[in-house]
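Chains as they are written, first to last, in full-length UniProt numbering: chain R, 1 to 63; chain P, 1 to 63; chain V, 1 to 63; chain X, 1 to 63; chain L, 1 to 63; chain B, 1 to 63.
All C-beta atoms in this analysis are idealised placements derived from N, C-alpha and C, irrespective of residue type, glycine included.
Source: prediction; values computed, not measured.
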């Protein structure tokens with residue numbers, strides 16, 4: 001613990017690397033957690049496996 | 001919110017599209033939720049990553 | 001399978017009952033699934049355990 | 001999206017508030033995400049519902 | 001890793017204790033994992049938060 | 001129920017097969033559950049989708 005699971009659109013490795021570091025630091029600073037105790041899982045989901053407002057992401061025009 | 005996560009066997013896009021629409025409508029009608037607030041995630045799992053009764057799906061004869 | 005997990009604000013039992021029925025029917029009609037194979041889990045989360053936009057739900061004025 | 005689910009020991013509201021803010025800022029800065037699109041769920045688990053190394057948390061002497 | 005999340009009906013602590021031990025041993029013996037790397041989370045769900053076959057658990061006559 | 005979700009590094013099918021059997025037996029013996037009621041999901045995650053201590057798995061030297 002703590003275990004962090006992120007459901008997100010695919011991102012490149014460098015972005016995930018930076019995000020994992022930032023999230024882990026947040027647990028260290030706010031909770032006083034040891035960095036080693038923090039695990040982060042990235043579940044990447046594309047627009048054919050996610051819907052909002054009843055429409056699949058692949059059918060929604062991106063802004 | 002609400003966030004709906006579905007663990008299922010792989011289905012084609014058109015089936016997921018119809019299911020996401022139906023589920024979103026259910027939240028609108030039963031909960032009075034705004035469609036835009038409903039997100040649906042499809043986690044598709046094949047028979048090599050799922051077991052029932054102690055047997056992997058790929059080892060279970062399908063009906 | 002399929003397993004449906006819903007993260008939502010607390011709702012009364014009758015609303016969950018109706019929603020579970022509607023969702024199960026959607027799987028029957030769209031996927032041809034047997035009703036008995038569909039399980040729905042409700043994870044109810046209050047505003048002290050959920051944040052959006054960096055603010056805890058309990059700090060966000062409700063519309 | 002993105003949806004962040006945190007499994008953790010219980011923490012007080014102020015700590016969760018600060019953590020949610022920090023995590024949301026990380027998504028804004030690293031991914032360029034809009035803050036409004038980031039949701040964070042806290043699943044708090046006590047030592048009677050979590051085990052490590054085959055021992056329930058409530059049986060493990062805390063450091 | 002590995003992280004094991006169990007969605008189940010409520011059980012008493014002694015049963016969860018024994019189950020966590022058995023599951024952890026399975027990872028040690030089958031995967032060669034270190035016991036310390038295995039975490040087990042119990043998400044207990046009652047019949048008002050779970051449905052099968054479109055019926056809430058609390059409405060299903062138990063066998 | 002019960003539903004078991006395992007987040008783990010990729011393993012070959014034979015290892016998952018043996019683990020699923022062992023876990024299912026544990027539920028039968030400890031809880032008195034029917035084997036058929038136990039479902040196990042394997043979510044395999046590689047080192048580019050998991051971090052510990054703020055470092056992506058692919059950046060951590062394996063022991």
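Assuming residue i and residue j are in contact, meaning their beta carbons sit under 8 Å apart, how far apart are those beta carbons, in whole angstroms?
i	j	result
residue 23 of chain V	residue 2 of chain P	Their Cβ separation, rounded to whole angstroms, is 11 Å, which puts residue 23 of chain V and residue 2 of chain P out of contact at 8 Å.
residue 44 of chain V	residue 15 of chain V	Actually they are not in contact, since the Cβ atoms of residue 44 of chain V and residue 15 of chain V sit about 11 Å apart, beyond 8 Å.
residue 52 of chain V	residue 4 of chain X	Not really, about 11 Å apart at Cβ, beyond 8 Å.
residue 19 of chain R	residue 31 of chain X	7 Å
residue 54 of chain X	residue 21 of chain L	5 Å
To which residues of the same chain is residue i closer than 6 Å at the C-beta, ignoring the five residues directly before and after it?
i	result
residue 47 of chain V	57 and 58
residue 50 of chain V	57
residue 42 of chain R	6 and 16
residue 25 of chain L	none
residue 60 of chain P	none
Taking Cβ-Cβ distances shorter than 9 Å, what residues in chain B pair up with residue i?
i	result
residue 38 of chain R	51, 52, 53 and 54
Could you tell me which chain P residues have their CB closer than 8 Å to the CB of residue i, listed as they occur along the chain?
i	result
residue 13 of chain V	Correct list: empty, because the minimum Cβ distance to chain P is about 12 Å.
residue 44 of chain B	49
Can you tell me whether residue i is helix, strand or coil according to DSSP?
i	result
residue 23 of chain R	helix
residue 76 of chain V	Residue 76 of chain V falls outside the range modelled here, since chain V spans only 1 to 63, and no answer is possible.
residue 38 of chain V	coil
residue 11 of chain L	coil
residue 62 of chain B	coil
Find the residues of chain P that neighbour residue i, judging by a C-beta separation of less than 7 Å, and give them in chain order.
i	result
residue 23 of chain V	23 and 26
residue 6 of chain X	Going along chain P, no residue has its Cβ under 7 Å from residue 6 of chain X, so there is no contact; the nearest lies around 14 Å.
Which residues of chain L have a Cβ atom closer than 8 Å to the Cβ of residue i, listed in chain order?
i	result
residue 20 of chain V	51, 54, 55 and 56
Taking C-beta pairs closer than 7 Å, name the residues in chain B that residue i reaches, listed in chain order.
i	result
residue 9 of chain R	Under the 7 Å cutoff, chain B gives no residues; its nearest Cβ is about 13 Å from residue 9 of chain R.
Enumerate in chain order the residues of its own chain whose CB-to-CB distance from residue i is below 7 Å, with the five nearest sequence positions on each side excluded.
i	result
residue 28 of chain R	35
residue 64 of chain L	The structure shown does not extend to residue 64 of chain L, since chain L is modelled only from 1 to 63, so the question has no answer here.
Starting from residue i, find everything on chain V with Cβ-Cβ shorter than 8 Å and list it in chain order.
i	result
residue 3 of chain P	6, 7 and 8
Below 9 Å on C-beta distance, what does residue i contact in chain R?
i	result
residue 33 of chain P	Going along chain R, no residue has its Cβ under 9 Å from residue 33 of chain P, so there is no contact; the nearest lies around 11 Å.
Can you list, in chain order, the residues of its chain with a C-beta nearer than 8 Å to that of residue i? Leave out the 5 residues immediately preceding and following it.
i	result
residue 62 of chain L	none
Taking residue i as the query, report the chain L residues whose CB atoms sit under 9 Å from its CB, ordered along the chain.
i	result
residue 62 of chain V	Residues of chain L passing the Cβ test: none, with the nearest at roughly 23 Å.
Should residue i be counted as a contact of the ligand FMN given a C-beta to heavy atom distance under 6 Å?
i	result
residue 61 of chain V	The ligand FMN is not part of the structure shown, which contains no ligands of any sort.
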